[in-house]
Each structure stands twice: as structure tokens, then as C-alpha cells.
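Per my numbering, the sequence shown starts with residue 937, numbered consecutively.
We put the beta carbon where it would ideally sit given N, CA and C, even for glycine.
Taking it in order: structure first as C-alpha cells, then the write-up.
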Amino acid sequence: MREASDLTFFDTACGSGHFLVYAFDLLWDMYQEEGRITEPAEICRHILERNLFGTDIDERSVQIAAVALYLKAKERAPHFKPRRVNLVAANASVPPDAVRGYLQAYPQDEPLRGVLEAIFAGLANVSEVGSLLQVEEQLERALEDLRKREARRTSGGAQQTSMLPLLGMPAPPVQGRLELDTLGAWDAWKGEVLDRLHQHFQAEANAPDLSTAIFGTEAERGLDLIELLSRRYDVVATNPPYMGSKSMGPRVKAYVQQHYAEGKRDLYAAFIQRCLGLAKPGGRVAMVTQQSWMFLRSFADLRRDILEHQRIERLAHLGEHGFEDPAAAGAFVALFVLGRSEPAPEHRLWATRLVGPKSPAEKDHLLREAVRALIPAPSPAEREALTPGPSPAARERGRG
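Okay, here's the thing in C-alpha cells:
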């Protein structure tokens, strides 16, 4: 069984941190039940530094979320002083000559120029696309191009200079093909390059020259976001923004059409695809979205992908009146949990339809009752074990 400190939870549009604060309480209970770490401040440190992650395009919201988590930790451990929280605002601004500056410091990475350009090009519109930015996918595509190029260099009869020694990897025989262990070295490259990038931009952020320091600080923020979006998480949960394609700006619309074709009709649908991509195999995706993906023909490909390649585990169709906030009037919503794995033939999902009630309070009450019905009633033996028995003194009196 995995330990609580190994679990990761990511909110891709965290806002002011409501999901993260609730996840904090759940994780606290898990640590308490596990009993491996018992000191309150240490539990808080593990939750903030190892368990919880979040991002949003609104920097002020991210700051509020960080304060909310800080206050939640102080409730549990009044003397706790956090070292960091894993919350990043998706508003990095990276100068166009970022790659050139890096390669001047690390000329040995010149063969990776295309990969580095792909990384920083992805940050160009990050203040608009937020966590929809594909980082791992861009790195994998660029890395695959390098692999293929190296394979062509090292196969066939022509003796060509391999780039592998420049990257600190063992060079294969000239006449041979790339070995599997050599391909594994390509995967190790990603972490090493990110480490070098951090070192480079951290040094520039501390530079006495103001323009250099500003450049380094902005690039460092972008790299924090890259690291966040390059990870894969046990649980990805969010209430994403809802925006039809007609309301999207031109750059967001083009990005969504290119990278999230099945969800291009609405931003929330693109977030469904993105959250699935950020979840580990076997992980979970939990979301609050509009209900339209379940019915409209324009989302048929998205539905097919979910039904064929994911497990729908829980689905609550709330319809209208799902939120207390008047600003959400007219939102027809659904709550769902997806398992990130192929559905088994015997798979069954649990669903409830609560479109009739006209108030959020009534929907909340009925949903909680429906969830309670999921919990199986204890067996007679379990009830007996849970029921306190008479005290020894009472049992002694009974014998008399």
C-alpha cells in the first residue's frame, strides 16, 4: 500500500484554492490514520510540499490560494512555518533570446537547441492557455526527433559523428543501432537539462545587473510552470472555466484546435482532455463541468474516447441550480470521476440524476443521501465488532 506522502493532487485551474483546502483536510486524515508521521507541523509540511499542486492564470487567485493553505496549516499546527507551496501562476514572460542566453552559458547543449526552442515557444501564450499548455508532449516530440536523427547517424554504412557523447551518453557502435539502454538515457536527459536551466536562470535572477535579474526571474517562473506541467499526478481535480469556441480569443482558439481537437467546442472540454493527460495511468480525474459534453453531437468524439479508453466511475448530473453563486445562474453542470485506465468488460459506473430540484441545498442533500447509499451496510459480525460491549464489571454482575 502506498504511503500518504507519495500521493499527489493537482488542480489545473485552482482559483482561490477551494479544492486544495478540501484536499488538505482529506490528506490530514490519511496521515492521522496511517500513523507513520504524527507531528502536526511535519504533516503540514508534507502536505504542502509533497502532496498538493496547483496553477491558475490569475496571479492574485494563486496568492489567495497560497494564503488559504497557509491558514489551514496554521489551524492544525499553530507554530508551523511553511518553506514553500507548489502553486504557480501561469503568467510567465520569457524573452525571445532566452535560448541564446542559455546556450552561451552551456554550449555543450547546442545539439538540443531545437528542444530548448520548443520549450520556450510553448510559454509564448501561457498567460492565455494556462495549464492547457502542453510541456511533456512537446518535449517528447522534440526528443523523438533527436532519437530518430541519432538512429540515422549510427545506422547504415556511413561513419558519422554521433551527438550522444556531447550529451553525456555512451556512443553506440558506428555500424549498430541505438540500444534500449541508450534510449533510456534520453529520458534521463529531461531532468538534467531542467536542472541546468534552473541553475542558469537562478544565477541570472541573483545578478547585480537589473535587466539580467529581471530576465532570470521571469525565466525561472516559466521553468517552475514547466516542471509543474511535466509531472503526472495521482488525482487531478478542477472546476475549469466554461467558454464556447465563439468567445475564445484567436490565440486560445488556435491552440485549442491544434492540441485538443475533441474538446475544441468549449474550454471546459479541452480541460477534460488535459486533465486526463496529466493523470498517471491508474490515477483519477474529478471535475465539475457543463453537462453538454454528455449530449451534444459536437462532443461525440470526446464521449467516444472517454467511453472506450477511460473508466467513468461516478457521475452526478445536477443540471441547473447547482451553485449558490448568482454569477453561475444558467450553468447546467455535471460532476464526475474518471479512472485513467481502460474499462474492463465487467466495469459498472455509479450515476445519479438530480436535475429536478430547484435549489443547490436540495441537490446537495439528495446527493449526499445517494452517496451514503453507496456505502454497504455492515455485516452482523462487523456490527458486533463496532458495538461497544458491556464493561468487565457489568459482565461480572451478570454472572452473579
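Using a Cβ-Cβ cutoff of less than 7 Å, which residues in the same chain neighbour residue i once the five nearest sequence positions on both sides are dropped?
i            : result
residue 1015 : 977
residue 1116 : With a pLDDT of only 35 at residue 1116, under the threshold of 50, the placement of this residue in the model should not be trusted; the figure read from the coordinates follows. Once the five neighbours on either side are set aside, residue 1116 has no close Cβ partner at all.
residue 1186 : none
residue 1073 : none
residue 986  : 941
residue 1241 : 1198
residue 1078 : 1050, 1051 and 1054
Quick check: what's the CA-CA separation for residue i versus residue j?
i            : j            : result
residue 1009 : residue 980  : 6 Å
residue 1223 : residue 1157 : 27 Å
residue 917  : residue 1272 : A question about residue 917 goes unanswered here, because the residues of the chain that appear run from 937 up to 1336.
residue 1244 : residue 1039 : 45 Å
residue 1348 : residue 1047 : With the chain represented from 937 up to 1336, any question about residue 1348 goes unanswered, as that position is not in the structure.
residue 1087 : residue 1081 : 10 Å
residue 1111 : residue 1089 : Per-residue confidence for residue 1111 stands at a pLDDT of 37, beneath the threshold of 50, marking its modelled position as unreliable; the derived number appears in the next sentence. Rounded to whole angstroms, residue 1111 to residue 1089 spans 9 Å at the Cα level.
residue 1287 : residue 1017 : 42 Å
residue 1007 : residue 958  : 13 Å
residue 974  : residue 954  : 25 Å
residue 1176 : residue 1075 : 25 Å
residue 1199 : residue 996  : 28 Å
residue 1005 : residue 1303 : 27 Å
residue 1083 : residue 1049 : 14 Å
residue 1305 : residue 1019 : 40 Å
residue 1063 : residue 1316 : 58 Å
residue 906  : residue 1312 : Residue 906 lies beyond the residue range present for the chain, which begins at 937 and ends at 1336; the question has no answer from this structure.
residue 1309 : residue 1301 : 13 Å
residue 1277 : residue 1013 : 38 Å
residue 1274 : residue 1085 : 38 Å
residue 1130 : residue 1045 : 12 Å
residue 1260 : residue 1227 : 18 Å
residue 1263 : residue 1043 : 53 Å
residue 937  : residue 1061 : 41 Å
residue 1329 : residue 972  : At residue 1329, the pLDDT of 46 sits below 50, so the modelled position is not reliable and the matter cannot be decided from this model.
Leaving out the 5 sequence neighbours to the left and right, which residues in its chain are closer than 6 Å to residue i when beta-carbon positions are compared?
i            : result
residue 1210 : 1068
residue 1172 : 946, 1211, 1214, 1215 and 1221
residue 1279 : 1247
residue 970  : 940
residue 1052 : 1035
residue 1024 : 991, 1160, 1161 and 1164
residue 1345 : Here the chain comprises residues numbered 937 to 1336, so residue 1345 is not present and cannot be evaluated.
residue 1207 : 1176
residue 1340 : Given that the chain is displayed from residue 937 to residue 1336, the structure contains no residue 1340 and the question cannot be resolved.
residue 952  : 997, 1000 and 1001
residue 944  : 1169 and 1170
Starting from residue i, follow its DSSP beta bridges and name the residues at the other end.
i            : result
residue 1022 : 989
residue 945  : 988 and 1171
residue 965  : Residue 965 is not bridged to any residue.
residue 1250 : 1273 and 1286
residue 1221 : 1172 and 1274
residue 1180 : 1202
residue 1215 : 1169
residue 1194 : Answer is none; residue 1194 lacks a bridge partner.
residue 999  : Note: residue 999 sits in no beta bridge, so no partner.
residue 1255 : 1269
residue 1226 : 1269
When every heavy atom of the ligand MG is checked, does at least one fall within less than 7 Å of the C-beta of residue i?
i            : result
residue 1062 : The ligand MG is absent from the structure shown, which contains no ligand whatsoever.
My understanding is that residue i touches residue j, with C-beta atoms under 8 Å, so please give their C-beta distance in whole angstroms.
i            : j            : result
residue 1133 : residue 991  : In fact, because the Cβ distance is near 19 Å, the residues do not count as touching under 8 Å.
residue 1254 : residue 1270 : 7 Å
residue 988  : residue 956  : 5 Å
residue 1202 : residue 1219 : Between residue 1219 and residue 1202 the Cβ distance is about 24 Å, and since that is not below 8 Å, they are no contact.
residue 949  : residue 1174 : 5 Å
residue 1267 : residue 1204 : About 10 Å; that fails the 8 Å criterion.
residue 1136 : residue 1041 : 5 Å
In its own chain, which residues sit with a C-beta less than 8 Å from the C-beta of residue i, not counting the 5 before and 5 after it?
i            : result
residue 1124 : none
residue 1299 : 1254, 1257, 1258, 1290 and 1293
residue 983  : 960, 963, 964, 967 and 1009
residue 1097 : In this prediction, residue 1097 has a pLDDT of 49, which is less than 50 and means its spatial position is unreliable; nothing more can be read from the coordinates.
residue 1239 : 1229 and 1230
residue 1022 : 984, 985, 988, 989, 990 and 1164
residue 1296 : 1257, 1258, 1259 and 1260
Does the count of Cβ pairs from the stretch 993-1001 and the stretch 962-969 closer than 8 Å reach three?
Touching, no, given that fewer than three Cβ pairs across the two stretches are closer than 8 Å.
Between the stretch 1234-1250 and the stretch 1188-1195, can you find at least three pairs of beta-carbon atoms closer than 8 Å?
Short answer: they don't touch.
Just checking, does the stretch 1168-1176 make contact with the stretch 1211-1218 on the three C-beta pairs under 8 Å criterion?
Touching, yes.
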